[in-house]
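**Student:** Numbering (my numbering), first residue to last: 153 to 576.
Virtual Cβ for every residue (Gly too), placed ideally from N, Cα, C.
Predicted model only: the values in this text are computed from it and were never measured.
Could you have a look at this structure, given as structure tokens, before my questions?
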């Protein structure tokens, strides 16, 4: 089976022709990619050896449909409706490095229905909370241990429907049914609008000018959940949140930086999710108002900041890849209740985080990791919705590739720190 991928000004859907999307089996040999006609700029590409965007799309297309969006400046975004409606990867130009993390060994193994069907992807739709008495990832009666952790089937398996598409965006929909640890059932109508941003739209979203010497790709997802049931979602029975997680390839010099409000109340950062993060992996600069978190895929660890502390955007930087990645998230100014995902019975289940970063590693001593990646994540407020009511959460991913001298002023304008501060 051979396929040719064509990059046009309209969405490109690459499908496995021999079987259905939902039950597509690995092909005997990889797909063939076409040569892109657009020339690559002289701006340096990431120097770390990773597959190109075309390589990623060719691999993904062996298992499911892939929809490719293209921006006027050459950016590319690949979406897989069949693999949970994920944005799988992106690139700043044709033939450039794929910037999302894709779990190729998991795809090639053809597994389904595991604890976490981890295909990868740099924008994954989940619902929160994860743990606690209202958590969705620990069935009723189970303990808060990794052995009991289970991604809800509605979020782990099955394709999303393509409701609309245009040359710059795709609308995906799905009906979801989930049950929390306390036994409360939720019927959810979910909708995701994935849009690739033009260079001018990106500049507008950032509020700063970008040097012409850098290359960029940016996309946003608008994620709407609607209470499709007959009962209101209330605090006493548990509420949901939109939870967006972006997965990226780790490297020894990759760090996430989270700016925070120095005048905020309460603890600066929660680093107790999977055991306290060692100080050599998490440095908190209380006076300067930022923290730096190591993301090398070697130690399972997670951090989170509450809405009274967190600021948008957060970012990661790898000097070897010459890559600055920013995550923006929109938040209602009056929102105070955010679900907590701690793996325990919680005293206050609505004092959770708005933003998180995760570094993968062995789940337990002597056990493998979940694949080796790092994440930047954002969450909506708790969705305390009457039947028929909706909540929308917007999450924006921005990759900027260039020389350090060109990235430095961008980091300082948006984050208030320099590139050297990421590794402090």
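Closest by CA to residue 416, which one among 406, 379, 461?
**Tutor:** Cα-wise, what sits closest to residue 416 is 461.
**Student:** To the nearest angstrom, how far is the alpha carbon of residue 181 from that of residue 211?
**Tutor:** Because the pLDDT of residue 181 is 30, which lies under 50, any placement of that residue in the model is unreliable, and the question is left without a value.
**Student:** Got a sec? Which residues, its chain only, sit under 7 Å from residue 198 by beta carbon, not counting five neighbours each side?
**Tutor:** With a pLDDT of 38 at residue 198, under the threshold of 50, the modelled position of that residue is not reliable, and the figure given next carries that caveat. So the list reads 249, 473, 474, 475, 553, once near-sequence residues are dropped.
**Student:** What does the Cβ neighbour count give for residue 579, buried or exposed, with the cut at 16 atoms within 10 Å?
**Tutor:** Because residue 579 is not part of the residues shown, which for the chain are 153 to 576, the question remains open.
**Student:** Could you check the C-alpha separation between residue 257 and residue 368 for me, to the nearest Å?
**Tutor:** Computed Cα separation, rounded: 29 Å.
**Student:** When you compare only the Cα positions, how much space is there between residue 445 and residue 508?
**Tutor:** One C-alpha to the other measures close to 11 Å.
**Student:** Please state whether DSSP places residue 572 in a helix, a strand or coil.
**Tutor:** The answer is helix: DSSP assigns residue 572 an H, G or I state.
**Student:** In its own chain, which residues sit with a C-beta less than 7 Å from the C-beta of residue 390, not counting the 5 before and 5 after it?
**Tutor:** These residues qualify, in order along the chain: 286, 332, 334, 336.
**Student:** Decide if the segment 273-286 is in contact with the segment 389-403; the criterion is three or more beta carbon pairs, one per stretch, under 8 Å apart.
**Tutor:** With the cut-off at 8 Å, the segment 273-286 and the segment 389-403 touch.
**Student:** Would residue 216 and residue 232 be called neighbours here (beta carbons separated by less than 8 Å)?
**Tutor:** Contact flag set, yes.
**Student:** What residues in its chain sit with their C-beta under 8 Å from that of residue 160, if we drop five residues either side in the sequence?
**Tutor:** Because the pLDDT at residue 160 is just 36, under 50, the model does not fix this residue reliably, and the value given afterwards should be weighed accordingly. So the list reads 222, once near-sequence residues are dropped.
**Student:** Rounding to the nearest angstrom, what Cα-Cα distance links residue 471 and residue 313 in this structure?
**Tutor:** If you take the alpha carbons of residue 471 and residue 313, they lie about 39 Å apart.
**Student:** Alpha carbon to alpha carbon, how far is residue 348 from residue 318? Give it in angstroms, no decimals.
**Tutor:** If I take the Cα positions, the gap works out to 11 Å.
**Student:** Within the same chain, show all residues whose beta-carbon is closer than 8 Å to that of residue 351, passing over the 5 residues directly before and after it, in chain order.
**Tutor:** Excluding residues within five positions, the ones whose Cβ falls inside 8 Å are 223, 224, 225, 362, 368.
**Student:** With distances taken Cα to Cα, identify the nearest neighbour of residue 556 among 564, 549, 530.
**Tutor:** The residue with the shortest Cα to Cα distance from residue 556 is 564.
**Student:** For the alpha helix (DSSP H) that contains residue 208, what are its first and last residues?
**Tutor:** Taken as a continuous stretch (DSSP letters only), the alpha helix (DSSP H) holding residue 208 covers 205-212.
**Student:** With 16 other CB atoms within 10 Å as the buried threshold, where does residue 418 fall?
**Tutor:** The residue in question, residue 418, is exposed, as its Cβ has fewer than 16 Cβ neighbours within 10 Å.
**Student:** Would DSSP call residue 501 helix, strand or coil?
**Tutor:** Coil.
**Student:** Per the DSSP calculation, residue 528 is bridged to which residue(s)?
**Tutor:** Paired residue(s): 398, 509.
**Student:** According to DSSP, simplified to helix, strand and coil, what is residue 561?
**Tutor:** Helix at residue 561.
**Student:** Around the C-beta of residue 315, are 16 or more other C-beta atoms found within 10 angstroms, so that it is buried, or is it exposed?
**Tutor:** Result: exposed.
**Student:** If we call anything under 8 Å between Cβ atoms a contact, is residue 228 one with residue 220?
**Tutor:** It is a contact, given that the beta carbons lie within the stated cut-off.
**Student:** Answer yes or no: do residue 275 and residue 238 have a C-beta to C-beta separation smaller than 8 Å?
**Tutor:** In this structure, residue 238 lies closer than 8 Å to residue 275 by Cβ.
**Student:** Please look up how many angstroms separate the CB atoms of residue 340 and residue 380, rounded, as I've assumed it's under 8 Å.
**Tutor:** With a Cβ gap of about 6 Å, residue 340 and residue 380 count as contacting.
**Student:** Give the range of the beta strand (DSSP E) segment to which residue 238 is assigned.
**Tutor:** Element bounds for residue 238: 238-243.
**Student:** Check residue 351 in the structure and name its three-state DSSP category.
**Tutor:** It is helical.
**Student:** Decide yes or no for the touch test of the segment 492-504 against the segment 539-547: beta carbon pairs closer than 8 Å, at least 3 of them.
**Tutor:** Not touching, per the Cβ criterion.
**Student:** In this structure, how does DSSP classify residue 260 when only helix, strand and coil are distinguished?
**Tutor:** Residue state, collapsed to three classes: helix.
**Student:** Rounding to the nearest angstrom, what Cα-Cα distance links residue 529 and residue 265 in this structure?
**Tutor:** Rounded to whole angstroms, residue 529 to residue 265 spans 23 Å at the Cα level.
**Student:** For residue 455, list the residues DSSP reports as bridge partners.
**Tutor:** DSSP lists 509 as partners of residue 455.
**Student:** Which residues does DSSP list as the beta-bridge partners of residue 316?
**Tutor:** DSSP output for residue 316 lists 323 as bridge partner(s).
**Student:** Would you call residue 538 buried or exposed, if buried means 16 or more other Cβ atoms sit within 10 Å of its Cβ?
**Tutor:** Exposed, since its Cβ has fewer than 16 Cβ neighbours within 10 Å.
**Student:** Classify residue 512: buried if its beta carbon has 16 or more other beta carbons within 10 angstroms, exposed otherwise.
**Tutor:** Classification of residue 512: buried, given that the 10 Å Cβ count is 16 or more.
**Student:** Quick check: what's the CA-CA separation for residue 234 versus residue 310?
**Tutor:** One C-alpha to the other measures close to 6 Å.
**Student:** Of all the options 413, 408, 405, 376, which has the alpha carbon lying nearest to the alpha carbon of residue 395?
**Tutor:** Checking every option, the nearest Cα to that of residue 395 belongs to 376.
**Student:** Please report how far the alpha carbon of residue 262 lies from the alpha carbon of residue 514, in whole angstroms.
**Tutor:** Using only the alpha carbons, I get a separation of about 22 Å.
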